[in-house]
Amino acid sequence: MLALPQELVDKIAVELEADDLKRCSTISRAFGAACQRTLFSDISLAIVKSLQPVRLSQTFKASPHLARYVKVLHIQINGRSASPSRVPLLEDLFSRLTNVAILALVADIGLRLWKPMFTLLAKIPNAGLRKLSLRKIEFDTGVEFAALFARCDKLQELEIEQCCVHAKGDVAPSVATPRILPRALIMFIRGTDSELVSALQMVAAWQQLEVLGCTVAPEADFQGPLSGIAGAAPNLRIWSYTFAHQVQAVDLANLSQLSVVQLALILTHLPEDAANGTIGAVTTTLSSLPEPSALDLVAFIVFPDTQREQHRLRAWAEFDRALTSARFANVTRVDLRFTLQAQDDPLDLELYRQALPNLVQRGLLNVTQIWSRG
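This is how it looks when you write it as structure tokens:
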């Protein structure tokens with residue numbers, strides 16, 4: 000660990016006392032056997048306020064060597080920081096950050112397609128970048144997206160949340176051959192995000208891909224994005240798979256090609272026939288999945304029709320029988336979580352336990368119900 004110069008320690012102390020950069024400095028302490036040998040190991044800078052870039056730029060201009068201690072950079076592009084007059088200042092500031100290993104970029108609503116953003120990112124000497132996190136960023140083309148990776152030779156981890164690519168575009172020559180990334184996390188991918196998946200395939204393949212928040216809407220064909228992910232990630236973790244319409248087995252067909260180790264289902268506002276169809280689709284798909292090393296199943300049933308719920312027990316019984324297969328010997332838990340509206344009658348949870356005897360016998364079933372405040 001590097002001991003930061005007293006000059007930088009003093010500057011951080013002043014800012015913390017002023018409570019202006021309190022959220023912008025993460026201070027790690029390391030202690031030796033007899034004394035405190037190192038005050039700080041690194042600094043995390045979160046540029047979120049309008050005056051911060053100005054003051055940071057002044058600090059690094061006066062003492063350029065201090066910039067190399069910045070290892071983590073969080074950038075939130077808002078209306079003030081996106082002012083055209085700030086762009087040259089930000090370019091100068093970013094160009095001085097030679098040792099950034101973790102970069103997180105968030106855009107406020109209305110600035111998702113802020114064009115200078117890509118120019119600014121190109122100013123960061125990111126040859127040593129190990130983790131890149133993008134949130135609420137929109138790209139005109141896949142080429143813009145791919146350009147972020149051209150110089151990130153040491154990138155180990157990619158996180159994408161609520162991002163999209165409007166058009167695939169041409170593959171940039173510098174990223175024509177995808178690299179292998181140990182891990183990538185995509186949060187809240189939608190059925191309309193096929194261009195985002197195509198852009199991801201331009202730049203990287205993954206040893207492990209985690210998807211948090213797959214949403215299937217009535218107007219969306221999710222098979223395209225999911226099949227693209229399937230080809231790129233042999234070890235896929237799907238943390239949340241959301242159905243917002245009547246689902247048949249075909250909607251889950253691509254999952255049979257994947258090694259799914261965690262699967263959560265959120266069933267919202269579904270009529271009786273749709274719920275039965277969804278449960279049946281899940282049962283069919285589970286029966287065709289490769290044998291998992293471990294599998295968690297969590298079904299969130301939101302606002303069920305309590306008057307008709309007993310008619311769905313047959314579908315749950317089929318679900319229970321499907322899980323008796325030896326391929327599911329490593330299932331770790333099955334949760335059914337019902338969210339009811341305030342005026343609903345409570346469910347008879349014992350009926351579900353009777354309909355799922357295999358899961359009850361194995362001690363895997365947990366059935367709960369809560370009432371929505373709304």
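Using numbering that gives the first Met the number 0, the letters of the sequence shown map in sequence onto residues 0 to 373.
By construction, the Cβ of each residue, glycine as well, lies at the ideal position given by its N, Cα and C atoms.
Bridge pairing for Val-142: absent [DSSP]. Proximity to Phe-327 across Leu-335, Leu-119 and Leu-363 peaks at Leu-363, based on C-alpha coordinates. Take Val-333, set aside five residues on each side of it, and the residues of its chain with a beta-carbon closer than 6 Å to its own are Leu-296, Leu-358, Leu-363 and Leu-364, in chain order. Judged by DSSP secondary structure, Val-366 falls outside any alpha helix (DSSP H) and instead within the beta strand (DSSP E) spanning 364-370. Nearest to Thr-367 by alpha-carbon distance, out of Asp-347, Leu-154 and Gly-127, is Asp-347.
In this structure, Leu-96 lies away from Val-71, with their beta-carbon atoms at least 8 Å apart. In this chain, the alpha helix (DSSP H) harbouring Phe-318 covers 312-321. The C-beta of Asp-319 has 16 or more other C-beta atoms within 10 Å across all chains shown, which makes the residue buried. Closest in C-alpha terms to Arg-129, from the list Lys-122, Leu-154 and Leu-120, comes Leu-154. Between Lys-122 and Ser-94, the beta carbon gap of about 5 Å places them in contact (Cβ cut-off 8 Å).
The shortest C-alpha to C-alpha distance from Val-105 to any of Gly-127, Arg-134, Glu-158 and Val-86 is the one to Arg-134. When only Cα atoms are considered, Gln-57 and Ile-74 end up about 18 Å apart. With distances taken between CA atoms, Leu-312 lies nearest to Leu-355 out of Leu-355, Ser-132 and Val-86.
According to the DSSP assignment, Asp-334 belongs to no alpha helix (DSSP H) but to the beta strand (DSSP E) extending over 330-339. The three-state reading of DSSP puts Val-53 in helix, counting H, G and I together.
Counting along the chain, the unbroken beta strand (DSSP E) around Leu-131 starts and ends at 130-134.
In the DSSP assignment, Val-105 falls within the unbroken beta strand (DSSP E) covering 101-106.
Taking every protein chain shown into account, the CB of Ala-341 has fewer than 16 other CB atoms within 10 angstroms, so this residue is exposed. Apart from the 5 residues on each side of it in sequence, Cys-162 sits with its Cβ closer than 6 Å to the Cβ of Leu-133 and Ile-136 in its chain, given in chain order. Between the C-alpha atoms of Glu-143 and Val-53 there is a straight-line separation of about 28 Å.
In its chain, beyond the 5 residues on either side, Leu-65, Ala-66, Leu-92 and Arg-95 have a beta carbon closer than 7 Å to the beta carbon of Phe-59.
When only Cα atoms are considered, Ala-321 and Arg-336 end up about 20 Å apart. Under the three-state reduction of DSSP output, Lys-60 falls in the helix class. In this model, Arg-352 and Glu-160 are separated by some 37 Å (Cα to Cα). Between the C-alpha atoms of Val-99 and Gly-127 there is a straight-line separation of about 7 Å. Beyond the five residues adjoining it in sequence on each side, Pro-124 comes within less than 8 Å, by CB distance, of Ser-94, Leu-96, Thr-97 and Val-99 in the same chain, given in chain order.
Restricting attention to Leu-120, Ala-61 and Phe-138, the CA atom closest to the CA of Val-86 is found in Leu-120. Per DSSP, Leu-355 is not a residue of any beta strand (DSSP E), being assigned neither H nor E.
If you draw a straight line from the Cα of Leu-339 to the Cα of Ser-371, it is about 6 Å long.
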